[in-house]
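Have a look at the structure below, then the notes.
Number of protein chains: 2
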Amino acid sequence: MSVDRAQVLRTAAALLSRKSTATMDEVARAAGIGRATLHRHFAGRDALVRALEEMGIQEFEAALDAANLDEGPADEALRRLVAEAEPNAQLLAFLVSENQLFEGDQVNEGWARLDARVSALFRRGQEAGTFRIDLSPAWLTEALYGLIGTCAWSVMDGRVAAKDFRYMITELLLGGARRSVEK
Amino acid sequence: MSVDRAQVLRTAAALLSRKSTATMDEVARAAGIGRATLHRHFAGRDALVRALEEMGIQEFEAALDAANLDEGPADEALRRLVAEAEPNAQLLAFLVSENQLFEGDQVNEGWARLDARVSALFRRGQEAGTFRIDLSPAWLTEALYGLIGTCAWSVMDGRVAAKDFRYMITELLLGGARRSVEK
DNA sequence: ATCGAATGAGACGCATGCGTCTCATTCGGT
DNA sequence: ACCGAATGAGACGCATGCGTCTCATTCGAT
Numbered sequence: 213m214s215v216d217r218a219q220v221l222r223t224a225a226a227l228l229s230r231k232s233t234a235t236m237d238e239v240a241r242a243a244g245i246g247r248a249t250l251h252r253h254f255a256g257r258d259a260l261v262r263a264l265e266e267m268g269i270q271e272f273e274a275a276l277d278a279a280n281l282d283e284g285p286a287d288e289a290l291r292r293l294v295a296e297a298e299p300n301a302q303l304l305a306f307l308v309s310e311n312q313l314f315e316g317d318q319v320n321e322g323w324a325r326l327d328a329r330v331s332a333l334f335r336r337g338q339e340a341g342t343f344r345i346d347l348s349p350a351w352l353t354e355a356l357y358g359l360i361g362t363c364a365w366s367v368m369d370g371r372v373a374a375k376d377f378r379y380m381i382t383e384l385l386l387g388g389a390r391r392s393v394e395k
Numbered sequence: 213m214s215v216d217r218a219q220v221l222r223t224a225a226a227l228l229s230r231k232s233t234a235t236m237d238e239v240a241r242a243a244g245i246g247r248a249t250l251h252r253h254f255a256g257r258d259a260l261v262r263a264l265e266e267m268g269i270q271e272f273e274a275a276l277d278a279a280n281l282d283e284g285p286a287d288e289a290l291r292r293l294v295a296e297a298e299p300n301a302q303l304l305a306f307l308v309s310e311n312q313l314f315e316g317d318q319v320n321e322g323w324a325r326l327d328a329r330v331s332a333l334f335r336r337g338q339e340a341g342t343f344r345i346d347l348s349p350a351w352l353t354e355a356l357y358g359l360i361g362t363c364a365w366s367v368m369d370g371r372v373a374a375k376d377f378r379y380m381i382t383e384l385l386l387g388g389a390r391r392s393v394e395k
């Protein structure tokens, strides 16, 4: 008995990441519980999405903590961050695309915290001379989210290999597509 | 009289890019026509989205043509492509996020054509030594779409400046965030 | 074994948005 | 000025999914 709330959320995240229009009934079935029970734990679909958002923020915040962004070269810190965030890439992808729907009415303050921390990493890298300064930290932050989401979708659709997740994101984000000049 | 189909599509694209859940009525109002008229021109919401998809594909294909991808260095060709695609970035962003919903049932063949042409550009760049070979053309193609979409969303949300659109995308995609080593 | 809490299945009403239809009005060509 | 086609406004039924409720069942602690 006693439904594992976290487990339900994880199942819901996995399902909604693939099919964002999934029904409450489908979510319940996927989690192996009844629709009524799902409603007993989450007031409604909106509450469910909010809970997923909260979980996603917490997970990503944990990834930020685990990555020790303040230590060592900024580029290496970024690699650690991508590695830590990988397990939650699907959830992130879902939330990012879901966020487009939030008509600015009430966005979770958590995103601002995350943005600030990621931006701070890029800024630190710029000040240390590791990152170029002609691309704003805000854009680099968005690009990081975007690439994580894009990669997650691509993996789900089988267009790229899951095992290359970290490599593709970090290498593209850090070095770009252009072949570096021999030095 | 006589509704301008293309104009309706453009208005719909602009609206749906910001609010993908917009009602058929909202789309009609935005286009300055009645809902009945909208239905007379597009069999239903699905048909409308399909028409938008078709338009997006055509526009992007036109961008590919205009960019002359086969001429000159691959990186410069990529810059031209981004520049040509910029006017339709919003539409692209909408279609990309909407494509996630297509449960593989029936994806427009047009995307495959576009993918092939973009991939070919990256492959050409790799063979010419312009682009690095450790990132697959498929991933670079996805990344290009992703960055265009991300940038479009960021501009819409006011997080980055619209005027830097081309620069942010091309510079990040080509050169990455890392400051290049002095040579 | 017993009892209470939690669950599952399903019914029910409600809200929303779609697609169709009707009818009066307006546009535009002749 | 006339007439047909196109449009706008709105009504209508329908389908879907949500949220609530009931009731029998099951789990788990005592």
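Line by line, the protein sequences give chains A and B.
Going by the numbering used here, the first sequence runs without a break in its numbering and finishes at 395.
Going by the numbering used here, the second sequence runs without a break in its numbering and finishes at 395.
Heads up, the beta-carbon is just placed ideally off N, CA and C, and yes, glycines get one too.
From a predicted model like this one, the values you see are computed outputs, not experimental measurements.
> Listing by chain order, which chain B residues have their CB less than 9 Å from the CB of ASP287(A)?
Replying inline: ALA389, ARG390
>> Am I right that ALA243(A) and PHE306(A) are in contact with their C-beta atoms under 8 Å? What's the rounded C-beta distance?
In response: At roughly 16 Å, the Cβ-Cβ gap does not stay under 8 Å, so ALA243(A) and PHE306(A) are not in contact.
> What three-state label does DSSP hand GLU266(A) in the structure shown?
Replying inline: helix
>> Just to make sure I have the definition right: I need the residues of chain B whose C-beta is within less than 7 Å of the C-beta of GLU354(A). Which are they?
In response: THR362, SER366, ARG371, VAL372
> According to a CB-to-CB cut-off of less than 9 Å, which residues of the stretch 332–347 of chain B neighbour chain A?
Replying inline: PHE334, GLY337, GLN338, GLY341, THR342, PHE343, ARG344, ILE345, ASP346, LEU347
> Buried or exposed: which applies to LYS395(A), given that a residue is buried once 16 or more other Cβ atoms fall within 10 Å of its Cβ?
Replying inline: Because the pLDDT of LYS395(A) is 41, which lies under 50, any placement of that residue in the model is unreliable, and the number read from its coordinates should be weighed accordingly. With fewer than 16 other Cβ atoms within 10 Å, it is exposed.
> For TRP365(B), which residues of its own chain have a beta-carbon under 8 Å away from its beta-carbon, when the five flanking residues on both sides are left out?
Replying inline: ALA305
> Is ASP237(A) near the ligand ATP, with its Cβ less than 7 Å from a heavy atom?
Replying inline: With respect to the ligand ATP, the structure offers nothing, as it holds no ligand at all.
> Is ASN280(B) buried or exposed, if buried means 16 or more other CB atoms sit within 10 Å of its CB?
Replying inline: exposed
> Of the residues TYR357(A), GLU339(A), LEU347(A), ALA301(A), which one's Cα is nearest the Cα of ASP327(A)?
Replying inline: TYR357(A)
> Expressed to the nearest angstrom, what Euclidean distance is found between the alpha-carbon atoms of LEU250(B) and MET236(B)?
Replying inline: 8 Å
>> Could you give the first and the last residue of the continuous alpha helix (DSSP H) run that contains PRO349(A)?
In response: 349–368
> GLN312(A) CB to nearest chain B CB: under 8 Å?
Replying inline: yes
>> For ILE269(A) and TRP323(A), what's the separation of their Cα atoms in angstroms?
In response: 7 Å
> CB-CB under 7 Å to ARG222(A), same chain, minus the five flanking residues each way: which ones, in chain order?
Replying inline: none
> Straight-line CA distance for TYR379(B) to ALA278(A)?
Replying inline: 33 Å
> Name the chain A residues whose beta carbon is nearer than 9 Å to that of GLU383(B)?
Replying inline: ARG344, ASP346, LEU347, GLY388
>> With a threshold of 6 Å on Cβ separation, who are the neighbours of ASP216(B) within its own chain once the five nearest residues in sequence on each side are excluded?
In response: none
>> In the DSSP output, what is ARG390(A) paired with across the bridge?
In response: PHE343(B)
> Checking contacts by CB at 8 Å: is TRP351(A) closer than that to chain B?
Replying inline: yes
> Shorter than 8 Å from the beta carbon of ALA236(B) to some beta carbon of chain A?
Replying inline: Per the sequence presented here, residue 236(B) reads as Met, with Ala not at that position. It does not; no Cβ of chain A falls within 8 Å.
>> ARG344(A) and ARG291(B) - do their beta-carbons sit closer together than 8 Å?
In response: no
>> One question on the structure: do ALA275(B) and ALA297(B) come within less than 8 Å of each other, judged by their Cβ atoms?
In response: yes
> Taking 8 Å as the CB-CB cut-off, is GLY256(B) touching chain A?
Replying inline: no
> Roughly how many whole angstroms lie between the Cα atoms of ARG241(A) and ALA263(A)?
Replying inline: 18 Å
>> Which of the three DSSP states is assigned to ASP277(B) in this structure?
In response: helix
> Listing by chain order, which chain A residues have their CB less than 7 Å from the CB of LEU307(B)?
Replying inline: Going along chain A, no residue has its Cβ under 7 Å from LEU307(B), so there is no contact; the nearest lies around 13 Å.
> Going by the CB atoms, is the gap between GLY388(A) and GLY361(B) shorter than 8 Å?
Replying inline: no
>> Spatial neighbours of ALA286(B) within its chain, please: C-beta separation below 7 Å, excluding the five flanking residues on both sides.
In response: LEU333, ARG336, GLY337, ALA340, THR342, PHE343
>> Do VAL330(A) and THR353(A) have their beta-carbon atoms positioned less than 8 Å apart in this structure?
In response: yes
> Does any CB atom of chain A fall closer than 8 Å to the CB of LEU293(B)?
Replying inline: no
>> Taking 8 Å as the threshold (beta carbon to beta carbon), is VAL239(A) in contact with chain B?
In response: no
> Do you know offhand how far THR382(A)'s Cα is from PRO349(A)'s?
Replying inline: 16 Å
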